[in-house]
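>
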Amino acid sequence: SAVISQKPSRDICQRGTSLTIQCQVDSQVTMMFWYRQQPGQSLTLIATANQGSEATYESGFVIDKFPISRPNLTFSTLTVSNMSPEDSSIYLCSVETLGQRVINEQFFGPGTRLTVL
Amino acid sequence: GQNIDQPTEMTATEGAIVQINCTYQTSGFNGLFWYQQHAGEAPTFLSYNVLDGLEEKGRFSSFLSRSKGYSYLLLKELQMKDSASYLCAVRARRYSSASKIIFGSGTRLSIRP
Numbered sequence: 043s044a045v046i047s048q049k050p051s052r053d054i055c056q057r058g059t060s061l062t063i064q065c066q067v068d069s070q071v072t073m074m075f076w077y078r079q080q081p082g083q084s085l086t087l088i089a090t091a092n093q094g095s096e097a098t099y100e101s102g103f104v105i106d107k108f109p110i111s112r113p114n115l116t117f118s119t120l121t122v123s124n125m126s127p128e129d130s131s132i133y134l135c136s137v138e139t140l141g142q143r144v145i146n147e148q149f150f151g152p153g154t155r156l157t158v159l
Numbered sequence: 022g023q024n025i026d027q028p029t030e031m032t033a034t035e036g037a038i039v040q041i042n043c044t045y046q047t048s049g050f051n052g053l054f055w056y057q058q059h060a061g062e063a064p065t066f067l068s069y070n071v072l073d074g075l076e077e078k079g080r081f082s083s084f085l086s087r088s089k090g091y092s093y094l095l096l097k098e099l100q101m102k103d104s105a106s107y108l109c110a111v112r113a114r115r116y117s118s119a120s121k122i123i124f125g126s127g128t129r130l131s132i133r134p
């Protein structure tokens, strides 16, 4: 399994500002993912971050709004730019690792709860 | 396109058995996951099916029928701590990019004494 930590765990931000969320993994992983979970809803994939290449964004998400860095195999950041109240959500970092039965298990960090006023 | 359907809410009694169904439509199917998520916490991995059939792990079992686009999660000997949301998720292969996991809307399971 993988142990994932995220910083900050929660934040309250003003409209128009930006917040950078950090994700640290205790082992080297190839695939890292960023999800958003809005209140009462399920998880929506924002982007996939591979080390050494640009992130791949899902439909509805763009790099200017959610720039991602992946400087090495254990760390990534997601920035939520020019925030609005609609960005209030839980942001989760996730990694994919090779499981015991050669299945790719996906583990989640504890999440960052963002409130935009 | 991709679509995952599961019931929004279910209620069951402590000690009983409950089955949570999930139907999906996706191209490039490459496995189905079930996750448990308690309120305010991150999802935790429960099971993974890529071939047809039943996978049993303790009190939890997961079934997959790829031809029907159907899965279920079976929880036995229900305990109060099983009250949580259960998320069905499908991995889809994508040409020229990494596969991705798409989540259903989740089923909120409430256990009553």
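Residue numbers (the numbering used here), protein chains in the order written: chain A, 43 to 159; chain B, 22 to 134. Quick reminder that beta carbons are idealized off the backbone N, C-alpha and C, glycines included.
1. Are the C-beta of Phe117 (chain A) and some C-beta of chain B separated by less than 8 Å?
2. In the region 56-68 of chain B, which residues sit with their C-beta less than 7 Å from some C-beta in chain A, listed in chain order?
3. Answer with yes or no whether the minimum CB distance from Gly79 (chain B) to chain A is below 8 Å.
4. May I have the straight-line CA-CA distance separating Glu128 (chain A) from Val158 (chain A), to the nearest angstrom?
5. With a threshold of 16 other CB atoms inside 10 Å of the CB of Val144 (chain A), please say whether the residue is buried or exposed.
6. In chain A, which residues lie with their C-beta within 8 Å of the C-beta of Ser126 (chain B)?
7. When we look at the beta-carbon of Ile123 (chain B) and count the other beta-carbons within 10 Å, is it buried (16 or more) or exposed?
8. Shorter than 8 Å from the beta carbon of Pro152 (chain A) to some beta carbon of chain B?
9. Run through chain B and tell me which residues come within less than 9 Å of Leu87 (chain A), C-beta to C-beta.
10. Given Asn70 (chain B), which residues of its chain have a CB within under 6 Å of its CB, disregarding the five upstream and five downstream residues?
11. Hey, would you say Arg129 (chain B) sits closer than 8 Å to Glu35 (chain B), going by beta carbons?
12. For Thr73 (chain B), does the three-state DSSP call read helix, strand or coil?
13. Let me know the secondary structure DSSP gives Lys102 (chain B) once reduced to three states.
14. What's the gap between the Cα of Asn114 (chain A) and the Cα of Gly94 (chain A)?
15. Leaving out five residues on either side along the sequence, give the residues of the same chain with a beta carbon under 7 Å from the beta carbon of Arg80 (chain B).
16. Could you tell me which residues DSSP pairs with Ile132 (chain B) in its beta bridges?
17. So, is Val45 (chain A) buried or exposed, given that buried needs 16 or more other C-beta atoms within 10 angstroms?
18. Going by beta carbon distance, what residues of the same chain come within less than 7 Å of Ser130 (chain A), once the five residues before and after it are set aside?
19. Can you list the residues of chain A that Leu108 (chain B) reaches, using a CB-CB cut of under 8 Å?
20. Tell me the residue span of the beta strand (DSSP E) that contains Thr157 (chain A).
21. Pick helix, strand or coil for Pro127 (chain A), following the three-state DSSP scheme.
This is what the structure gives:
1. no
2. Ala63, Pro64, Phe66
3. no
4. 8 Å
5. Note on Val144 (chain A): pLDDT 48, under 50, position unreliable in the model; the coordinate value appears next. Flag for Val144 (chain A) reads exposed.
6. Gln83, Ser84
7. buried
8. yes
9. Lys121, Ile122, Ile123, Phe124
10. Leu53, Glu76, Ser83, Leu85
11. no
12. It is worth fixing the name first, because residue 73 (chain B) is Asp in this sequence and not Thr. Reduced to three states, the DSSP call for Asp73 (chain B) is coil.
13. helix
14. Asn114 (chain A) and Gly94 (chain A): Cα-Cα distance of roughly 8 Å.
15. Leu96, Lys97, Glu98
16. B:Ala33
17. exposed
18. Leu156, Thr157, Val158
19. Ser84, Leu85
20. 154-158
21. helix
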